[in-house]
């Protein structure tokens, strides 16, 4: 088909503009040191690839998002961290693609309304907010989570291969962090003194999070997902063998390679999780593993038996000291200090400090909720109002209450907490439905996601995981759940 003169002129100017940009970039790279030139070249390539395919940008966001604490500490002059910069570019590319296709629409997701209701309670809590700046930061976080969910939904709704790609990007980002953590734990031979463990021979892994606890939480969110997908790969490989549809020689195929690769990934993530030395992450993953076991069989009673068997195995392991002494001491040592929910007047020492500090912030959050029961002190305002509710000996705010339920109650009141719990109950229910009736690969993907949500729910009793841009990862996974739920309705 012949082009009219205006179209030809537009293409000619576009070509000339790209050529001029390429020449300019080449000149700039030639003048830079080798290391900076390499970084610049990779940046240009990734930006260009994102403009062509927004899912490339999603992958970049997932990899760079957790570097927020690192960049905030080492490059504080940046107006935005690397993950947020990548997010802006990705959303811009997505907007351009949607505008070009004439599909600038809000996607249909069963999670949109429940999430907007929670955001609405946050807006309502602004009536009591001391700091609008803190509140705006928190609201933006939840809006970004919503937008990431929409992006994944729109980009993968009609193409299962693209949905698999998104899941692969999530697992790839987790593998990067896990590899960094393994290096920090024992291969680097040096680390922060306050992270020394096991007699100073090793260091707690923390990835780019600069803190082991959120790092462990991130791994705890992704490991159940990997386990669910690995379970699906195992069933796909071993099923025909058990049914005698093929012999062992025929089973040495790509399915076995996929199973082996996923098994290595699970081992890497589990090792890094252990190396984080984060009790909250360990406990969260233990509950998540139980969730995966429960959801694995299609018959619920078999799932219950598997969970009981798992609990018995853990009990026997602890009862007969089958774990390494250092692991068992770390896992159970806090129980002797966790004897009260009122730390006023309790003697503080090096052993019980971390436990008492957490409980002290729980008490402060409860006091905030007691004085502002319905709307809270304002979304995101735990830190600015903390001095008014701080206990003696605990003057430093930690940014949040180290318990998402108490934190939500303190900031958005009873109304906000109910909306938050209702939202995640809906997420769990939708995911559970797919585990009961979905096609094989979809079902096992949902099983992994069910474990992810269980980990988030359990670990949130001891911490807040919406930090270091992890809300972007959660938004991506909510997009995956939305797609699976819509497919189930068809």
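Residue numbers (our numbering): 21 to 510.
Note that beta-carbon positions come from the ideal geometry of N, C-alpha and C, so glycine has one too.
### Query
Can we say the stretch 234-244 touches the stretch 298-315, given the rule of at least three CB pairs closer than 8 angstroms?
yes
### Task
Identify which residue in 180, 77 and 97 has its Cα closest to the Cα of residue 107.
Looking at the Cα atoms, 77 is the closest of the given residues.
#### Entry: Presumed contact (8 angstroms Cβ cut-off) between residue 172 and residue 111, rounded CB distance
About 12 angstroms separates the two Cβ atoms, so there is no contact after all.
### Message
Could you compute how far the alpha carbon of residue 131 sits from the alpha carbon of residue 345?
### Response
44 angstroms
#### Entry: Opening and closing residue of the alpha helix (DSSP H) in which residue 251 lies
232-262
### Message
According to DSSP, is residue 507 part of a helix, a strand, or is it coil?
### Response
helix
### Query
Since residue 478 contacts residue 304 with CB under 8 angstroms, what's their CB separation in whole angstroms?
With a Cβ gap of about 5 angstroms, residue 478 and residue 304 count as contacting.
### Message
On a Cα-Cα basis, can you pick out the residue from 361, 408 and 105 that is closest to residue 164?
### Response
105
### Query
Should residue 149 and residue 436 be called a contact, given that it needs their Cβ atoms to be closer than 9 angstroms?
no
### Query
Taking residue 466 as the reference, which of 318, 422, 75 and 383 has the closest Cα?
318
### Query
Out of 273, 248 and 249, which has the shortest C-alpha to C-alpha gap to residue 260?
273
### Query
So what does DSSP say about residue 486, is it helix, strand or coil?
coil
### Query
Taking three-plus beta-carbon pairs below 8 angstroms as touching, is the stretch 407-426 in contact with the stretch 177-195?
The answer is no - the stretch 177-195 does not touch the stretch 407-426, with fewer than three Cβ pairs under 8 angstroms.
### Query
Taking all protein chains shown into account, do 16 or more other C-beta atoms lie within 10 angstroms of the C-beta of residue 439, making it buried, or fewer, making it exposed?
buried
### Paired residues, beta bridge with residue 217 - DSSP
222
### Selection from 207, 342, 140 and 289 that minimises the alpha carbon distance to residue 193
Of the candidates 207, 342, 140 and 289, the one whose C-alpha sits nearest the C-alpha of residue 193 is 289.
### Message
Please report the distance separating the alpha-carbon of residue 450 from that of residue 60.
### Response
43 angstroms
### residue 398 at chain D interface by Cβ criterion, 9 angstroms
Included in the structure is just one protein chain, with no chain D present.
### Query
Does the Cβ-Cβ distance between residue 137 and residue 442 come in under 9 angstroms?
The answer is yes: Cβ separation under 9 angstroms.
### Query
Which residues mark the beginning and the end of the alpha helix (DSSP H) in which residue 130 is found?
Residue 130 -> no alpha helix (DSSP H), and no H or E assigned at all.
### Task
Assign residue 74 to one of three DSSP states: helix, strand, or coil.
helix
### Message
Quick check on this structure: which residue in 429, 367, 372 and 312 has the alpha carbon closest to the alpha carbon of residue 395?
### Response
429
### Cβ-Cβ distance between residue 93 and residue 248 below 9 angstroms
Residue 93 is not a Cβ neighbour of residue 248, given a cutoff of 9 angstroms.
### Task
Reducing DSSP to helix, strand and coil, say where residue 148 ends up.
It is helical.
#### Entry: Same chain, Cβ closer than 8 angstroms to residue 202, neighbours up to 5 away in sequence not counted
For residue 202, where only same-chain residues beyond five positions count, the Cβ hits under 8 angstroms are 225, 288, 291, 292 and 295.
### Option in 393, 471, 232 and 408 with minimal Cα separation from residue 90
232
### Message
What residue range does the alpha helix (DSSP H) around residue 479 cover?
### Response
460-479
### Message
Tell me the residue span of the alpha helix (DSSP H) that contains residue 401.
### Response
Where residue 401 is concerned, there is no enclosing alpha helix (DSSP H), given that its DSSP letter is neither H nor E.
### Query
Can you give the Cα-Cα distance for residue 117 and residue 125, rounded to whole angstroms?
12 angstroms
### Unbroken alpha helix (DSSP H) run spanning residue 89, endpoints
Start and end: 88-94.
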